[in-house]
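Going letter by letter, the sequence shown gives residues 53 to 266 in our numbering. Here a beta-carbon is modelled for each residue, glycine too, at the ideal position from N, C-alpha and C.
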Amino acid sequence: MTTESDITPSAADRHHPLLKLALELGPLLVFFFANLRGEWLVARFPALAELGGPLFVATGLFMGATILSLVVSKIMLGHLPIMPFVSGIVVLIFGSLSIWLQNETFIKMKPTIVNALFGFTLLGGLAFGKSLLGYVFNAAFQLDAEGWRKLTIRWGIFFLFLAVLNEVVWRNFSDNFWIAFKVWGTMPITIIFTMAQMPLVLKHSISTEAESEK
């Protein structure tokens, strides 16, 4: 099984942007609604009771939806985008530990681990002179070296912020609030942050024609 860093967008990527969005949001929505209707699901499908309480039922379905999302990505898009792939691996590991040990801490710490991993990886890459963010976003736009460096720093810090934010929310609020925030809070925050980077992107953008002439 291969993954792609999205350096060059495939024809499927260009023609199915909504599919990519649905594949990323789908598992989160399953997680949210499964927790919300956990008791109803157990009543309709008694076998789910073996997983534990509502949060564990939601975790099990979240894992299933994540696997399905990755399979569909591979079939429809021809590759596995690196960030959803890494996130999916962590979901399966920490979700399995949560259900097996009946300990909610593991699945609650999954966003912390994933965001901290991305944050430290991006900032650590800069320490070795590598702007790794270019391997993720180079399909969408091309920047000069200084632009990639600045954008990598900002995204690295933002990922660390999301890691800390997740810790604050799950440790201080109810399970329902944490799950709702994970779905309806983190995504808007990320969209706002992404839009806020557009002035930097526009300032450091270079044309593909100019780049090919070098």
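Would you give the residue range spanned by the alpha helix (DSSP H) that residue i belongs to?
i      : result
Ser121 : Pro106 to Val124
Met135 : Ile134 to Leu153
Gly237 : Looking at the DSSP string, Gly237 is not in any alpha helix (DSSP H), and its letter there is neither H nor E.
Glu91  : Gly90 to Arg96
Ile165 : Thr157 to Ala179
Glu198 : Ala197 to Asn224
Leu252 : Met250 to His256
Is residue i near residue j, with beta carbons less than 8 Å apart?
i      : j      : result
Ile151 : Leu103 : yes
Phe211 : Leu174 : yes
Ile258 : Gln194 : yes
Trp230 : Val221 : yes
His256 : Gly177 : no
Phe84  : Ala232 : yes
Spatial neighbours of residue i within its chain, please: C-beta separation below 6 Å, excluding the five flanking residues on both sides.
i      : result
Asp227 : Leu107
Ala99  : none
Ser121 : Leu75, Gly78 and Pro79
Asn218 : Pro163 and Thr164
Drop a sphere of 10 angstroms on the beta-carbon of residue i, count the other beta-carbons inside from all chains shown, and report buried for 16 or more, exposed for fewer.
i      : result
Asn224 : exposed
Asn167 : buried
Lys266 : Residue placement at Lys266 is poorly supported in this model, since its pLDDT is 46, which falls under 50; the coordinates still yield a value, given next. That one is exposed.
Gly181 : exposed
Gly254 : The question names Gly, but residue 254 in the sequence shown is Leu. Classification of Leu254: exposed, given that the 10 Å Cβ count is below 16.
Thr157 : exposed
Give me, in chain order, the residues of the same chain whose beta-carbon lies closer than 7 Å to that of residue i; leave out the 5 immediate sequence neighbours on both sides.
i      : result
Lys162 : Val142, Val143 and Phe146
Leu81  : Val235
Leu93  : Ala86, Leu100 and Val109
Which residues in the same chain have their Cβ closer than 8 Å to the Cβ of residue i, if we skip the five residues on either side of it in sequence?
i      : result
Ile209 : Gly171 and Leu175
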